[in-house]
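Note sheet for the following structure.
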Amino acid sequence: MSTALASARIGTRVRIAKVSLEGEAAAWLGAVGLDGGEELVVLRRAALGGPLHVRTASGGEFAIGREVAEHIAVEPVT
Amino acid sequence: MSAACHEAPPSGKKERHGSGADEEPARDASARAVVALVGRPNSGKSSLYNMLTGGNAHVGNYPGITVEILEGDVELPSGAKATIADLPGLYSVEATVDTGTDEGVARTFLDASRSRGERMTIVQVIDPTRLALGLRLTRELLRAGQPVLVVLTHKDVLRAEGHALDVSALEGAIGAPVLLVSTRDRSARAAVLGAIDDRLRVGVDGAQGRGNFDPARVASMVVRDVGEAREKARRKVTERLDRVLLHPAIGPFLFVGLMALLFAAVFLVADPASAVMDKVVGWGRAGIGSLLGGGLLASFLSDGVLGGAGTVLAFMPQIVILTVALELLEASGYLARGAFLVDRALRLLGLSGRSFLPLLMGHACAVPAISSTRIIRDPRERLTTILVLPLMTCSARLPTYGLVLAAFFSERSPLFRASVFVALYFAGILSGLLASAVLRRTATKGKGLPLVLEMPAYRIPQARVVVRKGVSAARRFLREVGTTIVAVSAVLWVLLTVPMPGSEKAATPIESSVAAAIGRAAEPITRPAGFDWRIDVGLIGSFGAREVMVGTMGVIFGIENAADDPSPLTERLREAKKPDGSPLYGARTGLALLAFFVLACQCMSTVAAIKRETGSYKWPALVLAYTYALGYAAAVAVYQLGGLLGLS
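As you go down the protein sequences, you meet chains H and U in turn.
Start counting the first sequence at 13; every next residue gets the next number (the working numbering).
Start counting the second sequence at 892; every next residue gets the next number (the working numbering).
Now the structure itself:
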């Protein structure tokens, strides 16, 4: 049961299930540390549809643009 | 494009070129070895570089961004010599990237060094509080067969946060040597140099690491939690700060307030500092006067050359202060938060949070800001940012703003003048954003790369690194902008002094000069904007560098040293009369002139920087054409509208 990262609830733990972006963009996400299997928590959203602030299990924090987050499918971590 | 980036180094600094054909002789096994410092942005690379080289080597870069490949020479414990090269921030050597960006530059360097067969080792700098992220790059480097030495910085932070790291377990897991240091600890230098020595001795073949480990698993295996309550609380510092600084309502207010404070501070501190610089130039002039008397040569040296030098020096404090302030914001980790906060607004106009730092820097000087666009990964966004940067209100516009406001609005309240000043800043930002919205729909149309920005933990900036950046900012400003200003000033002196052949003797020598003749020829074009030949001469002079406007107007109105003390010039401007007795300039001419200065790219240094970064003449030509067209149109519109509204 996966949803888009963009609509994940703030504070809940999720795992990246699938990144549906074209090659270059997906590779870039992987390079910075956001690829399939990575667990993360959405810390906050910037106002008026701005980027998401997430923290990954490996310790990194990122600002992710809303439209990218639409293409990252996540599933809840139980 | 990559060639352009590597050929970019301005003269006077030793830099490594992307191509092998540079002035250095071919390296043999006994020759100087190359140590490439690589790492993700904010990994502590600048601090390590500073520690290893003492910071006074061949440096010269801008806030947080290592825009050029800088080198410093060190002697290793074995007596061998090595060159430490500080590469720009790098996330990956596998993902594709535009060669014009910081990452592209770093990768071109590594590839070129490898293909030349140099004695080279890579020192990868990792922030151990984000070990798993750093190890991704380690894995890629090892997979590519590169000799790697891992240096974990921030040992102090790791300990303060209650973590312990098992260095030998990490070495075993990745198959490469690892050091854990604090760059604040000077004794760590010897340890790092010793490890580099060992690494170089082993060579590439004897140093195959493992390229197949799982970064997250390795990181969780080697880092242990030994923290007690106090240390665990320290881990939450960033989180707690973010709760306030990124608060949806409070965050943006704090951000705008901080930016306002920053600019206010620049002016408060820069003003007395500029006064000191002016005094120094004044002494120089007096010296020339007493040495050479009042001849033509003395006038050339004093007004032409030294006048230009004075203009340059007057800007130095602002550039340095703004650079230092931005470096403090960058090193503390706040700039990434700023990018997070403004991303949405910039996105409306086809840019993103990534363009934020260059646009902010553009308010000091567009030249370093254009170089700093290399942090933008998306080529189209980068180009758009470069094209709109000249519209930001750089510090060189301020003297002209000040002159016009003092000359034409002195009877209005200080509050009124201050609000016009602020409005001019916003006019610059607004026009830049509008221009980017248009460009993104036309010249730089296309799909952009997604925004993913790393948000570093908050850190206390290291004074030595910040000072180094301030010094190199000053140097670079002198070299790239200062020389243009002095040259323009000297040429202008000649044009203002040499009489136009065949012209009749006028009341003052200037009125019959070559410059005046050119100005008069331009009058029909600029009359709709309310400019006469005097302003035209000023504008022609400031085509090369807008800084010289005030000085030129001073010469035209026959006032010595106008750049040092503008008050007599403002009076002359205000009281200048046409032959029929009506005032020469009214408030609407002043407003039209301001409109022109907001928009026109009167800066050859900026044009040269755009040429260098884009590698083509097309883009600088576009910038000149569109900013001058906008500036002229705005000036005419303001002047004509002012007339309709009954302004004098």
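Here a beta-carbon is modelled for each residue, glycine too, at the ideal position from N, C-alpha and C.
Please work out which residues of its chain come closer than 7 Å, Cβ to Cβ, to residue i, disregarding the five sequence neighbours upstream and downstream, and give them in chain order.
i, result
"R1030 of chain U", "G1102, F1104 and P1106"
"V1211 of chain U", "G1361, A1364 and A1365"
"D913 of chain U", "Unreliable placement is indicated for D913 of chain U, whose pLDDT of 40 sits below 50; the coordinate value is still reported in the next sentence. Taken in chain order, the list of residues that qualify is empty."
"L1032 of chain U", "V984, I1013, Q1015 and V1039"
"R1235 of chain U", "none"
"I1501 of chain U", "I1261, I1277, W1510, P1511 and V1514"
"G1229 of chain U", "F1146 and F1247"
Among the residues of its own chain, which have a CB less than 6 Å from the CB of residue i, if the five just before and after it don't count?
i, result
"R57 of chain H", "L64"
"G1534 of chain U", "none"
"P1290 of chain U", "V1441"
"P1610 of chain U", "Missing from the structure shown is residue 1610 of chain U; chain U here goes from 892 to 1539 and no further."
"R27 of chain H", "E51, E87 and V89"
"R1034 of chain U", "G1102"
Measuring straight from C-alpha to C-alpha, what distance separates residue i and residue j?
i, j, result
"G1410 of chain U", "V1428 of chain U", "5 Å"
"T1275 of chain U", "E994 of chain U", "19 Å"
"Y1349 of chain U", "A1124 of chain U", "14 Å"
"Q1015 of chain U", "E34 of chain H", "29 Å"
"M1252 of chain U", "L1159 of chain U", "18 Å"
"T1443 of chain U", "G1432 of chain U", "7 Å"
"H1045 of chain U", "I1277 of chain U", "34 Å"
"I1416 of chain U", "R1332 of chain U", "31 Å"
"M1150 of chain U", "R1463 of chain U", "36 Å"
"M1440 of chain U", "C1492 of chain U", "13 Å"
"G980 of chain U", "G930 of chain U", "6 Å"
"L1188 of chain U", "L1521 of chain U", "40 Å"
"I956 of chain U", "R1418 of chain U", "Low confidence applies to I956 of chain U: its pLDDT is 33, below 50, so where it sits in the model is not reliable, and the reading given next is rough at best. Computed Cα separation, rounded: 45 Å."
"M1495 of chain U", "L1383 of chain U", "15 Å"
"R25 of chain H", "L52 of chain H", "6 Å"
"Y1225 of chain U", "D1133 of chain U", "10 Å"
"K1509 of chain U", "R1050 of chain U", "53 Å"
"L1182 of chain U", "L1192 of chain U", "11 Å"
"V1012 of chain U", "A1079 of chain U", "Sequence inspection shows Thr at residue 1012 of chain U; the Val mentioned does not correspond to that position. Roughly 19 Å separates the two Cα atoms."
"D919 of chain U", "R1007 of chain U", "Bear in mind that the predicted position of D919 of chain U carries a pLDDT of just 45, short of 50, making it unreliable; the figure below should be weighed with that in mind. In a straight line, the C-alpha of D919 of chain U is about 11 Å away from that of R1007 of chain U."
"R1108 of chain U", "L1024 of chain U", "11 Å"
"A16 of chain H", "V80 of chain H", "10 Å"
"R998 of chain U", "T992 of chain U", "10 Å"
"G1180 of chain U", "G1373 of chain U", "23 Å"
"G951 of chain U", "G963 of chain U", "Because the pLDDT at G951 of chain U is just 33, under 50, the model does not fix this residue reliably, and the point stays unresolved."
"R1271 of chain U", "L978 of chain U", "23 Å"
Assuming residue i and residue j form a contact by the criterion Cβ under 8 Å, report the distance between their Cβ atoms to the nearest whole angstrom.
i, j, result
"L1091 of chain U", "R1010 of chain U", "6 Å"
"S1059 of chain U", "L1028 of chain U", "S1059 of chain U to L1028 of chain U, Cβ: 21 Å. No contact."
"T1461 of chain U", "A1298 of chain U", "4 Å"
"A1216 of chain U", "A1156 of chain U", "7 Å"
"S1380 of chain U", "V1196 of chain U", "7 Å"
"L1344 of chain U", "A75 of chain H", "4 Å"
"L1321 of chain U", "V1311 of chain U", "Actually they are not in contact, since the Cβ atoms of L1321 of chain U and V1311 of chain U sit about 15 Å apart, beyond 8 Å."
Which residues of chain H have a Cβ atom closer than 8 Å to the Cβ of residue i, listed in chain order?
i, result
"R1027 of chain U", "A43 and G45"
"T1497 of chain U", "In chain order: nothing, as chain H lies at least about 29 Å away."
"F1231 of chain U", "A58, G62, P63, H65 and A75"
"S1243 of chain U", "G77"
"P1143 of chain U", "A59"
Closer than 9 Å by beta-carbon distance: list the chain H residues that pair up with residue i, in chain order.
i, result
"S983 of chain U", "A39, W40, G42, A43 and V44"
"R1235 of chain U", "A58, A59, L60, G61, G62, P63 and R78"
"P843 of chain U", "The requested residue 843 of chain U is not part of the displayed model; chain U covers only 892 to 1539."
If you drop the 5 nearest sequence neighbours on each side, which residues of the same chain put their C-beta closer than 8 Å to that of residue i?
i, result
"V1171 of chain U", "L1204"
"F1448 of chain U", "R1425, L1460, R1463, L1464 and A1467"
"V1117 of chain U", "G1053, H1054 and A1055"
"S902 of chain U", "In this prediction, S902 of chain U scores a pLDDT of 37, lower than 50, which makes its location untrustworthy; the coordinate-derived value is nonetheless stated afterwards. R1370."
"V14 of chain H", "Sequence check: residue 14 of chain H is Ser here, not Val. Correct list, in chain order: A29, K30, A85, V86 and E87."
Under 7 Å Cβ-Cβ, which residues of chain U neighbour residue i?
i, result
"V86 of chain H", "Within 7 Å Cβ-Cβ: nothing; V86 of chain H doesn't reach chain U, min ~15 Å."
"G141 of chain H", "The structure shown does not extend to residue 141 of chain H, since chain H spans only 13 to 90, so no value can be given for it."
In chain U, which residues lie less than 9 Å from residue i when you measure between Cβ atoms?
i, result
"G48 of chain H", "What G48 of chain H touches in chain U: nothing, since even the nearest Cβ is about 12 Å away."
Quick check: is any heavy atom of the ligand NAD less than 7 Å from the C-beta of residue i?
i, result
"I1065 of chain U", "The ligand NAD is not among the ligands present in this structure, which contains no ligands whatsoever."
Report the neighbours of residue i on chain U: residues whose CB is nearer than 8 Å to its CB, in chain order.
i, result
"L33 of chain H", "P1341"
"S19 of chain H", "Here the premise fails: no neighbours, minimum Cβ distance about 17 Å."
Which residues in chain H sit within 7 Å of residue i, going by Cβ to Cβ distance?
i, result
"P1139 of chain U", "A59"
Meets three-Cβ-pair contact criterion under 8 Å: the segment 1497 to 1506 of chain U and the segment 1333 to 1342 of chain U: no
The segment 31 to 49 of chain H in contact with the segment 74 to 89 of chain H per 3-pair CB rule at 8 Å: Yes, the segment 31 to 49 of chain H is in contact with the segment 74 to 89 of chain H.
The segment 1071 to 1087 of chain U touching the segment 1133 to 1144 of chain U, judged by at least three CB pairs closer than 8 Å: Inter-segment contact for the segment 1071 to 1087 of chain U and the segment 1133 to 1144 of chain U is absent: fewer than three beta-carbon pairs are separated by less than 8 Å.
Three or more C-beta pairs below 8 Å linking the segment 1284 to 1296 of chain U and the segment 1262 to 1273 of chain U: no
Inter-stretch contact at 8 Å, needing at least 3 Cβ pairs: the segment 956 to 976 of chain U / the segment 1375 to 1393 of chain U: In this structure the segment 956 to 976 of chain U does not lie against the segment 1375 to 1393 of chain U, because fewer than three pairs of beta carbons, one per stretch, are closer than 8 Å.
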